[in-house]
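Structure, as C-alpha cells:
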Amino acid sequence: MRASGKRLAALALSGLIAASAVEAQEIPPALGEAMALVEQGDTAGAIAALDELVEQPGAPGIAFAALGALLLETGNAERALAVLTPLADGDPPDPAALFNAGRAAEALGRLQNAASYYQRSIEVEPLSPALRALGMMIGRLGRAGDAYEYLRSWAEANPNDQDARLAAASGAVELQRPAEAEELLEGLDPTDPRSRLLRGRILLLRDDPWGALAELRPLAEEPPPVLEPSIRSTLAEAYLLVGEAEGAIEQLERLAPEDPELVGRLARAYYQAGRTGEAIAALGPFVEPLVTAPPPGDAPTALARELTYDYGRFLHAAGEPDRALPFLRLAADLDPNLAETFQMLGQALSALGRTEEAETAIRRYQDLAAGSTILTAPGDADQRNLDDPTGHAVRLALQRAGSGDADGALEDLAREGRLAPDDPRPAIAASSVLLHAGRREEALAAVERALDMAPTNADGLYQRGAVLMAIQEPGEAEEMFRQALTVSPRHVAALSDFAVLLMSQGRNDEAARHLRRVLELRPDDPLAQRHLDQLLNETPATGSDGGSEIDRLRSSVELDPENPGAWARLGEALLLERSFRAAEEPLRRAVELDPTNAGARIALASALWENNRPEESLLHAREATALRPADSAPHRLLGGILLWRGEYLEATESLERSTSLAEPDAEQLLELARAWEGAAGAEPGRAGELLQRAEAAYRRATALAPEHSEAVYGLAQVLRQLGRTEEAGAQMERYQALYDRDQRDARDAPPR
Amino acid sequence: MVPALIVLGAALAVPAQQPAAGGGIRFVDAGDAWGVHFRHRNGAGGDFFMIETLGGGVVAFDYDGDGDDDLLFVDSGQPAPYGGEPGTTTLLRNDGGRFTDVTETSGLHLDSYGMGAVAGDVDGDGDPDLYLTAFGPNRLWLNDGDGSFSPVPVDGAAADPSWSASAAFGDVDLDGDLDLYVTNYVDFDYDNNRVCGVEDAGRRSYCHPDVYEDLQDRLYRNEFAEQGGATFTDATAASGIEGARGAGLGVVITDLDGDRRPDIYVANDMDANFHFLNRTANGALRFVDDALLAGTALSHRGQPEAGMGIAVGDIDANGFDDLVVTHLDRQTNALYSNRGDGVFLDRRFAAGIAEPSQPYVGFGVDLADFDLDGDLDLAIANGHVLHDISEHAQGPRETYAQPNQILENLDGRFQPAPGAGLSAAGVSRGLATADLDLDGDLDLAIANCNGPAEVYANESDRLGGSLRVDLFDRESANRRGIGAVLELGTETGTQRREVRAGSSYLSRNSLTQSFGVPFGDGAAALEEAGAAVSLDVLWPGAATLRLTGLPSDARIRVVR
C-alpha cells in the first residue's frame, strides 16, 4: 500500500493526473528515483530516468504515464502524446493516460482527438479531471451548452475548484439557467470580479437591469482588463433596458469595439438614443459588404442576419426604404423563417409603392407569425423559459426536429436528460422525435424510460399510447390513452389520437365524442374538425334517399308525428351535433307527447341549458330525476345546473346521489366538491363541516386524476379556508406546477 | 361657395404674456380649487377579477352648451360576486372654472361595471350624447337639452354586452351622422376567472390577457340620417371588420390616409393593432385592415405590444397626422410617423418618445400644444396593472402607482418636462385635455383606478397666443363637425387639427380645437403675429372654408 501511495504522490506532484482508477502496480526503483528528482525540481533528470526505464522490456504502464505527464509539463506535447498513446489505447485503457493524452492533443491543436481522449477517460472514470478539461475546451469553442454539462458535474464533485465553478456558472448563464448559476456561485468570494460580472448577468436574466447596474457600475470604474469588454457590454445592455441609451453608448464607445456583436449593440444604443444616423454609420462598414459578398452558407449567420436586419430597419426608420431594401432582402435570405424580417421587408416595399411585393412579404410574415411565438408576450415567454430551463430546452429541441434536424434534436434532448435526470420531458420528447423519424422501437424505449421516472405523467402515458398505436398494439394503446385521460381529462393529443384509434376500429360514436371534446378545448383544430366531418359523413344511418341521419329522422317524424320516440331521436341527434336551438323543438314535442320519457327530458334540459334558458332546464332536470331516481345521469345534470345557479346545498344532494349511483369521474367529483365549498360559504355556521366534505370530494377527484390542476387548486383553497396553511401551500405549489404545465402544453402544442 | 358664419366668441383676448426666460410647461393641481372631487372604485375583493385593473375614463364635453367643458368621470363599482353595487359615474358641471356635481339631476347612471365613455351628438339635436362602456351592457344616453339625460332602450342602442373598453364616434359611412366603434377586450367572466401570478400560496395577481380569448370589436352604424332618431345597427360583419380579433383597448376614428374618409385605428393588447382604412363607396360600408403594410401593427422589432391608449397629431408638421400608442413598461410607447403616402415609420426612439416611457405603463395620452409654441407636446397617464408589481419587480420605478408625464416637443424631439408638476404617483388610466378654466390653454383631467381623479391647471409660460376654434355645422346631423380638419397658417408654418370624438384611453378630449400661435422671435407684437394667421376648415365631405386675418389669441366659432 505504501508503494501505491507513493505512486499517487508522484502523479499528484506532477499536478496533472487525477486520482483515477489506475491499476495498482509495483513501482520499479527507477520510477521512485524519477519521482525523487521531480520533488527536487530536476524535471529534466526525471525525464531522462524515465526515458531509460520505458526503453526496458516490460516497463510498467505507470512509467509511460509518468513520462507522458512530465513531457507535457515541460511543453513537449508531441512526444508526450506519442508516449501516452499506447497506454491510452491499451486494454483496459488508463483514465489518467487518456486524460493526459487529451491534454497533449489539445495542446497540439488536435481538438477532435483531445475530445475523444477526454471522453474516453470520462467513460472509464466518470469523475476524471477530463470532465473539467473537456468542459473548458468546449467552452472556449463557444459551445456553452455542451461545456456546461461537463463543468457542472465536475464542479459539483469538486466544490473547492472555484475556477471550475465560475466556468460552470458562466455556462449556466449562457444557457439562461439563472437558478443553477446562482447555486454554483453560492459561497464564492463575492468581491471576485468574475463572480460579480456573472451576478450582473444573472440579474439581467432575472429581468432586473437596475440590480445589474448597481452590481456592475462600480466594477466598470476600474475593470480588470481581461474582463473589461464583458463588463462594459453587460453594463450597456442593462443601460439599454432601463432606457438610458446614452449610458450604454458611453460604455460601448470606451471599448472602441471592432467585434461585430459589440458594434451591433452600439448601433442599437445609438438608435435607441434617437441617433439613427450614427447607428447607420456604425453598422455600415460591417453590413454594406454583405450585399455583394454574403456570408457562405455554412458560416454562422445569426449575427450577420441580425446586423443586416438592424441596418435595414434603421435605414427604413430614417426614411430611406430604397437603401433599406437590399439589406432586408438579404436578412430574409439569411433566415427565411424569421417573421419580423418579412414584416419590415413588407413595410419597406410598401413605402416604395411596390404593393404586390409588399403584400407577398406580409403574407409570409403572417404565415410565419402564426406558427411561432411571435404573437405571445415576449417578456412572459422569457420568464417562463428562465423558470423552466428544461422545458425551454425541450421546446428548442422540438423546433430543431421540426426544422428537419432530428439527430441534432435528439442530441440536445439527451444532453438535457443528463442535466435534468429526474425530469421525464426530455425522454418523452425524444420518443416523439424518434417516432416521427420512424424509429419506433427506440421511441418505445425512450418513453418507457420516462414512465419509469414518472409513471402517471399524462404526456408520457399519451406518448406510449401513440408509439403502441404506431406499432399496431391497439389494445395497449387504448389502455394508455385511457390512463392519460384519467390523469388529464383535457389532454388534447390523447383525446385526438384516441379518437383516431377508435375510428380505425369503427367505434365511431365514441370517436365522435372525443373529437367533439377536442373541438371544445381547441375550436380551431382543423384535424379534429376534418375527422369529425369525416365521421359524420360516414355515418351509416343514411336513409334510402341518400340523405343524412338527421334527414332520415326528420322524415320519420313527418311520417309519424305522434311518435314521441321519433321526436326524441331527432332531438338527440341534433343535440349530438351541437345544434342546440334546432334540438329544442323536437325534444319539447317528445316530452309533450310522452311526459314520462326521462331521456327526452334530460336531453331537453341539456338543450335548454345551452340555449340559456336555465329555469326551464332546471324544471325538466327535476322531472327527469323523479322519473329515473336510480339513474346517475339526471342527478348529475340537475346538480350541475343547481351548482351554476348557486343553489349549493341542493346541488350537493343531487351530486352526492349521482356519485352514489355510478362510479364518478374526476369532473363529477370536482362539481361535488365545488358544491360543498359553495355551501360552506352560504352556511357560515356549518362552514367547517361543509368544507371538510368539500375536501373529501376534492381528494377523491385528485386521487382519480392526480394531475387535474383545477381539482388540486380547489383542494388548496379549501385547505386554506380550513386553516391548514402548510398543506394548502403544498397543494398550491403542486397546482402551480400543473398550471404551468397546462399553459405550456397549450402554448407548445405542436401543429398537428 | 360655402356659406359661413363666423362668430368671434366672447371669451377673447386673453392678455398676451411675454415668454419667461427658459420657458417650461407647468401644471398645478386644481382639484380643490375647482371643486373637482371624484373617486373611482374598482371594488377589488381578493379574487383579482381582471376588470378591476383597467378602469376608468374621463370625458371633457360641454353637456349644457354654455361654452365650457364639463367633466364626466366613469366609475366601475363592485364586481357582481361581491354584491354588484353599481359605481357612481359622476357628471361635474363647469361654471367658469368651478365644478358642481350634477349627477343626480342629470339622471346618468350605469348599472354595469363601468369602464369608459365617449360623447357625441348622435341624434343631431345640437347637444352631446353619451355612450358609456362597461363590463356588461354598454349604455347610450341621449342629452335631453335641459341638463338631464335619458337612456336609450337597449334595442338599437349599441348595448354590447361583452367587456368593452374605449369607444369613438365618427361618420364612417359618410351619411352625415355619427357612427360608433367599440373596442372589446377579452372573454373574461366571473365564472372563468383564472388564477395568475401565483408564486406560492396566497400570492395572486391579475392575469395577462393572453389567458383569455380576444373579443370581436363592434362597429355600429347610426341610422339617424335614414330613419331619424339615433338607432344603431351592428355593421361589424357588413363592414368587413368581423373576424379581426384583438384585445382592443384604445380606438380613434381619424383620416389615416388623407382621402377624407374616416378610418379607424385600434390599439390591441398584445395583438397586432388594427389600421382599418375606410373604403366605403356608394353607400357600401367597407373597411380593410392595412396595419401590417402601413407599419402600425407591431413594434419596431416586429412584435405585438400591449397597446392601451392612442393620441393623434401632426408632430412633425408635415401635414399628416401621426400616431402615438402607449404600452406596458419595457416595451416603450410608440410613435408611428405618417409619411403621407400610407406608410408610417416607427420613430419612437428618434423622436425621444420611447426612452422616457421605458419604466412606465402608459394608458391615457394626448398630443396638445401646452406651451402655445406652435408644436404638439405629449401628456401621458401612467400606472401599472399589477397591484403587487413592486413586490416582485426590482426596478426602483416599477411601482403600481406611477407619475404621469409631460414630454415637451423641442424642435421635433420630445424631452421629459420634469418641472411639469405631474410627479405625484397614481394608478392613472383615462386622460382628457380641455381648457377647463377658460384661460386659453389646455388643462388636464386624469382618471385614476381605484383612486381620486386629478385635474391640473396649465400654468405654463406662454410662448404664443392661443387660438381656439369651435365648429358648428347646421347642415348636418354631425353638428360639431367630427372629422373636420383645421389647418392653421402662421408665419412659422402650418398646424393641423382634426376634430375627433374619442381617443386617449377610455376617454374623450374637448372638441374645441386649440392652436398655439408662436410669438416669433423675441417679443413680436401679438397683433402683428395675428395678422398672418389664416385658417382653412375642411368640413366633413369636401367643402373647404378659408378664413384670413384672424386674431392669434381668441376663441372663435365657425358655423356652416
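Protein chains in written order, with the numbering used here: chain C, 668 to 1419; chain L, 627 to 1186.
Even for Gly, the Cβ is constructed at its ideal location relative to N, Cα and C.
Any C-beta of chain C within less than 7 Å: which residues of the region 927–951 of chain L qualify? Taking 7 Å as the Cβ-Cβ cut-off, the region 927–951 of chain L approaches chain C at R927, G928, Q929, P930, given in chain order.
For the region 1041–1051 of chain L against the region 1088–1103 of chain L, do three or more pairs of beta-carbon atoms, one drawn from each stretch, fall closer than 8 Å, so that the two count as touching? Contact between the region 1041–1051 of chain L and the region 1088–1103 of chain L is absent, because fewer than three Cβ pairs lie under 8 Å.
Does DSSP put S963 of chain L in a helix, in a strand, or in coil? It is a strand residue.
With a 10 Å radius around its C-beta and 16 neighbouring C-beta atoms as the bar for buried, classify E1153 of chain L as buried or exposed. A caution first: E1153 of chain L carries a pLDDT of 49, below 50, which makes its placement in the model too unreliable to give a value.
Among C:R1082, C:A1081, C:S1099, C:L1294, the one whose alpha carbon lies nearest that of G1069 of chain C: Closest option to G1069 of chain C, Cα to Cα, is C:S1099.
Flag this pair as touching only if the region 895–907 of chain L and the region 864–884 of chain L have three or more C-beta atom pairs under 8 Å; answer yes or no. Yes: at least three Cβ pairs fall under 8 Å.
Report yes or no: do the region 856–875 of chain L and the region 938–946 of chain L share at least 3 C-beta pairs separated by less than 8 Å? With a cut-off of 8 Å on Cβ pairs, the region 856–875 of chain L is not in contact with the region 938–946 of chain L, counting fewer than three such pairs.
C-alpha gap between E904 of chain C and Q957 of chain L, whole angstroms: The alpha-carbon separation between E904 of chain C and Q957 of chain L amounts to approximately 15 Å.
With 8 Å set as the bound, which would you pick, yes or no: does the beta-carbon of M803 of chain C sit closer than that to a beta-carbon of chain L? Closer than 8 Å: no.
How would you list, in chain order, the residues of chain L whose beta-carbon sits under 8 Å from the beta-carbon of A991 of chain C? In chain L, no part has a C-beta under 8 Å from the C-beta of A991 of chain C; the shortest such distance is about 11 Å.
Using only alpha-carbon positions, find the residue among C:P1156, C:A1025, C:L919 that is nearest to A920 of chain L. Nearest of C:P1156, C:A1025, C:L919 to A920 of chain L, Cα basis: C:A1025.
Pull up the distance between the alpha-carbon of A1347 of chain C and that of L1357 of chain C, whole angstroms please. Approximately 5 Å, taken between the alpha carbons.
Closer than 9 Å by beta-carbon distance: list the chain L residues that pair up with T658 of chain C, in chain order. The shown model of chain C, from 668 to 1419, leaves out residue 658 of chain C, and the question about it has no answer.
Find the residues of chain C that neighbour R973 of chain L, judging by a C-beta separation of less than 7 Å, and give them in chain order. Residues of chain C passing the Cβ test: A984.
Output yes if chain L places a C-beta closer than 8 Å to the C-beta of A1404 of chain C; else output no. In terms of beta-carbon proximity, A1404 of chain C stays away from the interface with chain L, with every pair separated by 8 Å or more.
Are the CB atoms of A686 of chain L and R1183 of chain L nearer to each other than 8 Å? Cβ atoms of A686 of chain L and R1183 of chain L: not closer than 8 Å.
Just the Cα atoms here: how many angstroms apart are A999 of chain C and Y815 of chain C? So the two alpha carbons sit approximately 32 Å from each other.
Please list the segments of the beta strand (DSSP E) lying wholly inside the region 1103–1149 of chain L, counting only runs of 3 or more residues, in order along the chain. Counting whole runs of 3 or more residues, the region 1103–1149 of chain L contains the beta strand (DSSP E) stretches 1111–1116, 1119–1124, 1139–1144.
State the Cα-Cα distance for the pair L954 of chain L and A1112 of chain C, rounded to the nearest angstrom. In this structure, the straight-line span from the alpha carbon of L954 of chain L to that of A1112 of chain C is close to 47 Å.
Look at the Cβ atom of T1170 of chain L, then the Cβ atom of V1163 of chain L, and state whether they are nearer than 8 Å. Yes, the pair counts as a contact, with Cβ atoms nearer than the cut-off.
With DSSP collapsed to three states, give me the class of M1236 of chain L. Since the first residue shown for chain L is 627 and the last is 1186, residue 1236 of chain L is missing from the structure and cannot be characterised.
Using a beta-carbon distance cut-off of less than 8 Å, what residues from the region 906–927 of chain C approach chain L? Taking 8 Å as the Cβ-Cβ cut-off, the region 906–927 of chain C approaches chain L at L908, V909, G910, E911, A912, given in chain order.
Between E895 of chain C and I869 of chain C, is the Cβ-Cβ spacing less than 8 Å? Judged by beta-carbon spacing, I869 of chain C lies beyond the 8 Å limit of E895 of chain C, meaning their Cβ atoms are not closer than that value.
With 16 as the cutoff for other CB atoms within 10 Å, does A948 of chain C come out buried or exposed? Exposed, since its Cβ has fewer than 16 Cβ neighbours within 10 Å.
Check distances from the C-beta atoms of the region 1006–1017 of chain C to those of chain L and list, in chain order, the residues that come in under 7 Å. So the close ones are A1006, E1007, Q1010, M1011, G1013, Q1014, S1017.
Counting along the chain, where does the beta strand (DSSP E) carrying A994 of chain L start and finish? For A994 of chain L, the enclosing beta strand (DSSP E) starts and ends at 988–994.
So, is P1193 of chain C buried or exposed, given that buried needs 16 or more other C-beta atoms within 10 angstroms? With fewer than 16 Cβ atoms within 10 Å of its Cβ, P1193 of chain C is classed as exposed.
Under 7 Å Cβ-Cβ, which residues of chain C neighbour Q984 of chain L? The answer, in chain order, is V909, G910.
Between which two residues does the alpha helix (DSSP H) containing N767 of chain C stretch? Segment 762–774, the alpha helix (DSSP H) holding N767 of chain C.
Contact criterion: CB-CB distance below 8 Å. Does E1085 of chain L meet it with respect to chain C? When Cβ-Cβ separations below 8 Å define contact, E1085 of chain L makes no contact with chain C.
Just the Cα atoms here: how many angstroms apart are Y978 of chain C and F1141 of chain L? Approximately 38 Å, taken between the alpha carbons.
G978 of chain L: contacting residues in chain C (beta-carbon distance under 8 Å): Chain C residues near G978 of chain L: G941.
Would R980 of chain C count as contacting chain L if we go by Cβ distances under 8 Å? At a cut-off of 8 Å between beta carbons, R980 of chain C contacts chain L.
Using the Cβ count rule (16 or more neighbours within 10 Å means buried), how would you classify P1207 of chain C? Residue placement at P1207 of chain C is poorly supported in this model, since its pLDDT is 47, which falls under 50; the coordinates still yield a value, given next. Exposed is the label assigned to P1207 of chain C, since fewer than 16 other Cβ atoms lie within 10 Å of its Cβ.
Does the distance from the CB of R887 of chain L to the CB of T859 of chain L come in under 8 Å? No, the Cβ-Cβ distance between R887 of chain L and T859 of chain L is not below 8 Å.
Length-filtered (4 minimum) alpha helix (DSSP H) runs lying within the region 1296–1360 of chain C: The region 1296–1360 of chain C contains, as complete alpha helix (DSSP H) runs of 4+ residues, the segments 1299–1312, 1315–1328, 1333–1349 (chain order).
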